[in-house]
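Undergrad: Protein sequences appear in the order of chains A and B. Residue 365 in UniProt numbering is what sits at position 365 of the first sequence, and the numbering runs on without skipping anything. Residue 447 in UniProt numbering is what sits at position 447 of the second sequence, and the numbering runs on without skipping anything. Backbone N, C-alpha and C fix where the C-beta goes; we use that ideal spot for every residue, glycine too. All values reported here derive from a predicted model rather than from experimental measurement.
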Amino acid sequence: MVEKQTTGHHVDRSICAWFWHQYNHHRNNDQMSVVTSPTHYLFPLIRHGIIFLACTQLELPPLLPIEFLSRFADILSDYLCAGSGAGATLNEDIVKDNFVIVYEVLDEMMDNGFPLTTEPNLLKDIVLPPNLVTKVLHAVTGNSSPSVGPTLPHAAASTVPWRSTHPKTTTNEVYVNLVEQLDASVNRDGNLRRCQVYGEIQVNSSLPGFPDLTLSFTNPSLLNDVRFHPCVRFRPWESSQVLSFVPPDGHFKLMTYRVKELKKIPIYVKPQLTSDSGNCRISALVGVRNDPGKTIDSIIVEFQLPPCITSADLTSNHGTVDILADKTCRWSIGQIPKDKLPSLSGNLVLEPGLDRLHVAPTFQVRFKIMGIAMSGLQIDKLDVKNMPANPYKGFRAQTQAGDYEFRS
Amino acid sequence: MAPPVSTPKSASPSQPSGKSEVTDLKLQLRHLAGSRAPGADDAKRDLFKRVISCMTVGIDVSPAFSEMVMCSATSDVVLKKMCYLYVGNYARCNPDLALLTINFLQKDCHDQDPTIRGLALRSLCSLRVQNLVEYLVAPLAAGLKDHSSYVRTVAAIGVLKLYHISATMCHDSDFPAALKALMLSDPDAQVVANCLYSLLEIWTQDAANSDEAAREIEALYGKSIIYYLLNRIKDFSEWAQCLVLDLVSKYIPSDNNEIFDMMNLLEDRLQHANGAVVLATIKVFLHLTMSMTDVHQQVYERIKAPLLTLVGAGSPEQSYAVLCHLHLLVMRAPMLFSSDYKHFYCQFSDPSYVKKLKLEMLTAIANESNTYEIVTELCEYAGNVDVPIAQESIRAVGKIALQQYDVNAIVDRLLQFLEMEKDYVTAETLVLVKDLLRKYPQWSHDCIAVVGNISSNSIQEPKAKAALIWMLGEYSQDMMDAPYVLESLVENWEEEHSPEVRLHLLTAVMKCFFKRAPETQKALGAALAAGLADNNQDVHDRALFYYRLLQYDVAVAERVVNPPKQAVSVFADTQSSEIKDRIFDEFNSLSVVYQKPSYLFTDKEHRGPFEFSEDLSNLAIGGDSGDDVIHSAQRYEENDKDLLLSTSDKEENGGPTHNGSSTYSAPSDVNSSTSLVSSSTTQPAAFAIDDLLGLGVLDTPVLPPPPALSLNAKPVLDPGTFQKKWGQLTVSSSQESTLSIQGVASLTAPQSLIKHMQNNSIQCIASGGQPPNYKFFFFAQKEGSSSFFLVECIVNTASAKAQIKIKADDASASDAFASLFQSALSNFGSS
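(1) V129(B) and A98(B) look like a contact to me (Cβ under 8 angstroms); what is the Cβ gap, rounded to whole Å?
(2) Anything in chain A within Cβ reach of G531(B), meaning under 9 angstroms, just list it in chain order.
(3) Do the CB positions of T482(B) and K434(B) come within less than 8 angstroms of each other?
(4) For D172(B), does the count of other Cβ atoms within 10 angstroms reach 16, so buried, or fall short, so exposed?
(5) Check whether chain B comes within 8 angstroms of T310(A), counting only Cβ atoms and requiring the distance to be less than that.
(6) If you draw a straight line from the alpha carbon of V301(A) to that of S345(A), how long is it in whole angstroms?
(7) Taking three-plus beta-carbon pairs below 8 angstroms as touching, is the segment 234-250 of chain A in contact with the segment 317-325 of chain A?
(8) So, is the C-beta of P306(B) closer than 8 angstroms to a C-beta in chain A?
(9) So, is the C-beta of N274(B) closer than 8 angstroms to a C-beta in chain A?
(10) Mind checking whether T281(B) and L229(B) have CB atoms under 8 angstroms apart?
(11) Terminal residues of the continuous alpha helix (DSSP H) containing A523(B)?
(12) Do V176(A) and Q271(B) have their C-beta atoms closer together than 8 angstroms?
(13) So, is the C-beta of I66(A) closer than 8 angstroms to a C-beta in chain B?
(14) Rounded to whole angstroms, what is the Cα-Cα separation between K250(B) and I75(A)?
(15) Out of curiosity, what's the CA-to-CA distance linking V133(A) and D78(A)?
(16) If you run the structure through DSSP and keep just helix, strand and coil, what is R188(A)?
(17) Of the residues that make up the segment 238-270 of chain A, which ones have a beta carbon closer than 9 angstroms to any beta carbon in chain B?
(18) Answer yes if the segment 372-380 of chain A comes into contact with the segment 383-400 of chain B, meaning at least three C-beta pairs across the two stretches below 8 angstroms, and no otherwise.
(19) With 8 angstroms as the limit, tell me which residues of the segment 181-207 of chain A have their beta carbon closer than that to any beta carbon of chain B; keep them in chain order.
(20) Give the residues of chain B in contact with T362(A), contact being defined as C-beta atoms less than 7 angstroms apart.
(21) Kindly indicate the opening and closing residues of the beta strand (DSSP E) around V382(A).
(22) Residue 423(A) versus chain B: which residues are under 8 angstroms apart at the beta carbon?
(23) Run through DSSP, which three-state label would F52(A) get?
(24) Restricting to Cα atoms, I'd like to know which of S393(B), P351(B), D350(B) is closest to E360(B).
(25) Any idea if V554(B) is buried or exposed, counting beta-carbon neighbours within 10 angstroms, 16 or more meaning buried?
(26) Just mark P306(B) as buried or exposed, buried being the case when its beta carbon has 16 or more other beta carbons within 10 Å.
(27) Would you identify the three-state DSSP class for N279(A), choosing helix, strand or coil?
(28) Would R407(A) pass as an interface residue toward chain B - the criterion being a Cβ-Cβ separation below 8 angstroms?
(29) Apart from the five residues just before and just after C329(A), which ones in its own chain have a Cβ nearer than 8 angstroms to its Cβ?
(30) I need the straight-line Cα distance from L524(B) to Y484(B), nearest angstrom please.
(31) Name the chain A residues that come within less than 9 angstroms of E380(B), Cβ to Cβ?
(32) Within 10 angstroms of the Cβ of G287(A), are there 16 or more other Cβ atoms? Answer buried if so, exposed if not.
(33) Relative to the alpha-carbon of N384(B), which residue among D403(A), P307(A), S240(A) has its alpha-carbon at the smallest distance?
(34) Have a look at M169(B) and V232(A) and give me their C-alpha separation to the nearest angstrom.
(35) State yes or no: is the C-beta of G278(A) within less than 8 angstroms of the C-beta of V203(A)?
(36) Taking the Cβ atom as the reference point for each residue, do N386(A) and D189(A) lie within a distance shorter than 8 angstroms?
Next comes the structure, spelled out in structure tokens:
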């Protein structure tokens with residue numbers, strides 16, 4: 001299924017067929033993020049099984065189309081999935097059902113190949129998302145509820161383009177959510193090869209009027225590199241490391257940051273593989289190393305069985321072990337029990353003719369820790385100015401595993 | 001995800017039902033067209049939705065065009081939007097019907113609601129129908145003056161659309177000037193950005209033909225406009241910021257204070273959430289500080305953190321593009337990331353294209369301090385499930401070894417690879433060990449001990465096999481069973497499919513023979529016999545050559561086949577620094593991703609402001625590799641025809657002309673300049689011999705003295721005949737020669753060399769190019785005969801090299817002429 005947008009020069013649809021052919025051809029080995037076709041340069045971006053493709057014949061900054069496509073993908077899923085319940089991801093059917101919305105959004109986001117409006121809040125003023133409310137309204141009143149806003153956003157003329165001047169909020173609250181992603185890799189000797197944290201501060205604000213917020217940290221020196229939402233004022237950060245901003249309405253990413261090398265990881269896996277005469281004994285232990293002080297949830301260990309293995313027999317003393325169709329072995333542990341260490345053991349049978357296992361699978365771990373940011377970053381306080389009443393302020397923190405891997 | 005429907009008319013499974021559906025839709029639409037019933041809009045909306053989804057999946061719904069237009073007279077915004085979409089899609093194929101829509105679109109352009117005004121204007125401009133252009137002008141002019149900024153943004157882009165349909169109409173209505181005024185005065189940043197975008201495109205395309213447009217472009221890069229834009233940069237949307245930053249990167253500030261001011265202003269852009277803005281800012285910084293070495297270094301330090309974040313935090317697509325840029329930076333400043341090597345460790349979940357680049361990065365940043373760590377990491381990848389990546393990482397280890405850091409440890413690691421007993425690892429490692437030994441012969445003992453244990457049967461990869469055979473031959477004195485291994489390989493000659501391996505085998509047996517004659521004699525005989533019977537020409541020739549060499553004198557054969565070797569210091573496959581510099585100039589563009597300057601891959605028509613002569617690209621490709629030679633030769637041919645055609649045209653016009661894009665100019669005085677030719681015809685020959693001795697020509701030490709060749713001092717050849725001859729004849733001699741320093745110095749314009757060659761009785765028929773590359777076509781005639789020599793000569797003044805291709809009527813004399821030509825060339829500047 002292909003969405004299309006023609007700007008400036010006409011781009012023939014056959015380019016999609018060409019790309020599709022290439023894509024299937026290269027699926028398994030090498031898929032470049034910039035593809036040269038005989039006539040165009042293509043930027044494919046793959047999200048949830050939907051391919052977004054940009055074509056160009058001109059020289060241009062490569063990040064421009066890539067960023068635009070990922071923005072478009074985000075906005076589209078924001079639009080289309082919000083109505084169909086939480087946790088839904090973009091898929092073919094949703095796109096099919098909402099062609100019109102897709103076209104309308106794309107139309108506003110891009111004009112003649114030049115990005116136009118990409119701020120989600122603004123877009124939603126122009127093109128209304130197909131949410132439950134409008135659906136219900138439509139059903140009840142039988143009234144035509146246009147998916148197009150009746151008036152233009154006034155924000156276009158305001159000094160802060162990300163905030164419409166008349167946000168229609170009834171509540172008076174702001175939530176700050178610290179989400180961190182922990183990347184780590186440990187080599188086969190059990191040494192930590194690298195470990196770092198990418199974090200983002202998500203804010204969900206529903207404040208009336210024109211609020212001015214200041215967020216400060218107890219230990220901002222931890223941060224190695226930061227990137228801000230356009231609403232953040234740069235000077236206060238430079239002088240005293242506080243975030244001063246006028247928030248957009250609703251959900252947005254205030255800041256993303258990277259924290260310097262960490263020395264500690266919360267959880268470890270000790271894989272062991274010994275093979276001889278066509279068999280391979282495998283065992284893996286999971287344990288907590290530096291107790292973060294909160295429970296570690298939804299632990300899942302995954303590894304790819306090498307293609308040379310014909311059958312595998314794996315058991316564990318805690319949790320369940322599944323072998324998926326693509327030869328991925330998934331060991332769902334959940335929480336680590338107090339009394340014992342979860343362990344996995346089993347036997348792998350190698351292909352006939354192979355004596356020893358030559359490849360070493362990588363064990364990937366996923367987990368979630370609520371209530372703590374592993375980097376140690378802490379929010380000091382959030383001041384709200386320019387407000388008639390004191391709003392409710394909520395804070396949360398969460399760490400989850402990113403690329404968290406153990407090599408064997 | 002289903003495969004896309006390639007064309008609307010292809011036989012898609014939905015086609016049969018599609019057709020009846022279209023007629024069905026048509027009927028229903030017609031029915032609703034005039035209806036003013038309360039529910040009509042809703043019904044229409046459903047119908048329109050169906051039409052649009054048919055259109056999207058590729059069913060041709062254009063037959064319903066007139067019905068759709070009839071239904072479009074509505075006040076419902078959604079319906080309008082869908083209708084605009086439909087009209088925009090099909091107007092091009094139905095230009096007559098499109099006229100129907102003009103009316104309601106024009107009406108909508110005066111609607112009260114700015115959204116509708118904007119939408120209608122955008123749809124109107126997107127029709128792209130040639131004969132409707134006249135209807136565009138008035139709404140556009142009104143749109144540019146609209147009080148709603150939304151309509152103005154649409155109008156600004158609309159002007160560009162108009163320009164693409166009809167450039168003259170756009171100019172006649174004076175839109176560029178209006179846009180410029182708007183750009184400099186509008187309070188809305190998005191309007192300013194769109195004006196800028198349109199103006200850039202319009203004037204850049206015009207610049208080739210109009211001086212005025214070129215001046216306007218200059219003005220855009222001028223101080224006042226740049227400052228105006230910079231001061232508003234925070235108001236712009238992120239995409240517009242990219243546009244402005246790109247413009248700024250081409251601005252040349254007048255003094256250092258200005259540079260620092262600009263950098264201070266832009267520094268916070270490095271922390272923008274949008275990667276494209278960050279990269280564009282980095283480009284500006286790098287370009288601004290190009291002339292200030294120490295600040296340039298500080299800039300590197302400053303941009304490090306944002307770049308590393310971009311690599312790690314973004315999607316794989318993003319990190320790929322950013323890594324390409326990092327690679328470029330590392331090439332220029334290897335120390336930059338040497339302490340951040342951990343960021344380039346591969347993650348299991350990275351796609352392999354990212355992994356590959358990361359490996360390249362690791363290779364590039366390895367130095368004394370981090371080699372151990374990096375190599376340890378790379379060695380872990382050798383056990384990776386992903387075989388291509390395992391191979392790449394072994395290659396990376398080898399490359400680091402060749403960079404001379406910590407070779408000792410690396411050789412040990414490589415030898416460990418050989419013990420892993422994995423075919424692809426062994427194969428890859430063997431090739432590397434071979435390269436290492438060529439560079440560090442002192443390691444031969446350690447390596448040979450391990451290599452000797454490898455069974456040649458287990459290796460299938462031709463490259464690896466060739467490497468093993470090379471080592472067997474080269475170090476046969478150290479490997480006990482080398483002759484016997486070689487012998488068994490020779491016995492299996494028939495089964496060896498790769499000519500490369502067979503060639504290596506021949507040479508290896510020869511080398512072994514000189515060291516351990518008694519043991520190898522039998523194998524050598526068998527190898528030569530098999531080689532002579534081989535149906536590959538190269539293998540056959542080499543066997544014959546060895547055979548005759550041995551017949552002639554064994555001692556001489558040994559000197560030829562197995563001379564004492566010097567360690568290789570630098571391998572020749574690294575990219576030229578000139579290309580790298582050019583790519584660096586195009587930072588934040590696709591050039592970096594492709595690792596090629598843009599002139600090598602963009603079409604000429606799309607090249608925009610960066611105009612490079614076609615010659616240059618040919619040169620670069622020609623020097624690249626064997627595969628490209630044929631291709632580039634063809635391009636040469638085409639190119640040459642162009643060149644000659646243009647010169648013959650100019651001959652008719654008379655007088656030297658310069659037309660913008662073509663940089664070639666024919667010397668107007670080909671025939672009239674004979675007064676300059678020196679009368680001596682014997683002198684050139686004397687030169688040739690002198691020079692031969694003086695130069696001591698490298699590749700052919702025993703060249704027979706050339707027969708004296710004298711040239712006609714006043715040959716006559718018209719361009720048409722030249723072109724015909726050039727097309728008919730084959731290249732009889734192709735050489736490269738070096739210019740003297742004085743020669744390079746005096747080659748400021750093509751004319752100087754042309755005069756010089758005329759003094760040597762060699763006439764120029766066409767010349768062209770820009771520094772540092774010039775291209776010449778010469779011809780000369782043999783004294784007292786009608787045979788001509790035609791020469792194509794490409795001079796690069798930067799490297800002081802000239803590539804010469806000679807075609808001759810009389811091929812036997814072409815060598816003599818070639819040396820004559822070379823001596824004349826090398827004399828250039830000294831007289």
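TA: Result, derived from the coordinates:
(1) With a Cβ gap of about 5 angstroms, V129(B) and A98(B) count as contacting.
(2) Those do not exist, as G531(B) stays about 36 angstroms from chain A at its closest Cβ, beyond 9 angstroms.
(3) Correcting the residue identity first, residue 482(B) is Ala in this sequence and not Thr. Result no, Cβ atoms of A482(B) and K434(B) do not sit closer than 8 angstroms.
(4) Exposed: under 16 other Cβ atoms inside 10 Å.
(5) So no, T310(A) is outside the interface.
(6) Roughly 13 angstroms separates the two Cα atoms.
(7) No, they do not touch.
(8) So, interface residue.
(9) Taking a beta-carbon distance threshold of 8 angstroms, N274(B) counts as an interface residue toward chain A.
(10) Cβ atoms of T281(B) and L229(B): not closer than 8 angstroms.
(11) Boundaries of the alpha helix (DSSP H) harbouring A523(B): 517-532, taken from the DSSP string.
(12) In this structure, Q271(B) does not lie closer than 8 angstroms to V176(A) by Cβ.
(13) With 8 angstroms as the cut-off, I66(A) counts as an interface residue toward chain B.
(14) The alpha-carbon atoms of K250(B) and I75(A) are separated by roughly 33 angstroms.
(15) With a pLDDT of 44 at V133(A), under the threshold of 50, the modelled position of this residue cannot be trusted, and the question is left open.
(16) Secondary structure of R188(A) (DSSP, three-state): coil.
(17) Listed in sequence order: E238, K253, M255, T256, Y257, R258, E261.
(18) These segments do not touch.
(19) Under the 8 angstroms Cβ criterion, the segment 181-207 of chain A contributes D183, S185, N187, R188, R193, R194, Q196, Y198.
(20) Among the residues of chain B, those whose CB is under 7 angstroms from the CB of T362(A) are F348, following chain order.
(21) With the sequence shown as reference, residue 382(A) is identified as Leu, and Val is not the correct amino acid for it. Here the beta strand (DSSP E) through L382(A) covers 379-385.
(22) Any answer about residue 423(A) is impossible in this case: the structure gives chain A only from 1 up to 408.
(23) Correct three-state label for F52(A): strand.
(24) Here the closest residue by C-alpha is S393(B).
(25) The residue in question, V554(B), is exposed, as its Cβ has fewer than 16 Cβ neighbours within 10 Å.
(26) Around the beta carbon of P306(B), 16 or more other beta carbons sit within 10 angstroms, so the residue counts as buried.
(27) In this structure, N279(A) counts as strand in the three-state DSSP scheme.
(28) Cβ-Cβ to chain B under 8 angstroms: yes for R407(A).
(29) Here the set comprises E302, F303, Q304, L305, A312, L314, V321, D322, I323.
(30) The alpha-carbon atoms of L524(B) and Y484(B) are separated by roughly 11 angstroms.
(31) Within 9 angstroms Cβ-Cβ: N187, R188, R193, A360, R407.
(32) Exposed.
(33) It is P307(A).
(34) In this structure, the alpha-carbon of M169(B) lies about 45 angstroms from that of V232(A).
(35) Not in contact: G278(A) and V203(A) (Cβ atoms no closer than 8 angstroms).
(36) No, they are not a contact pair.
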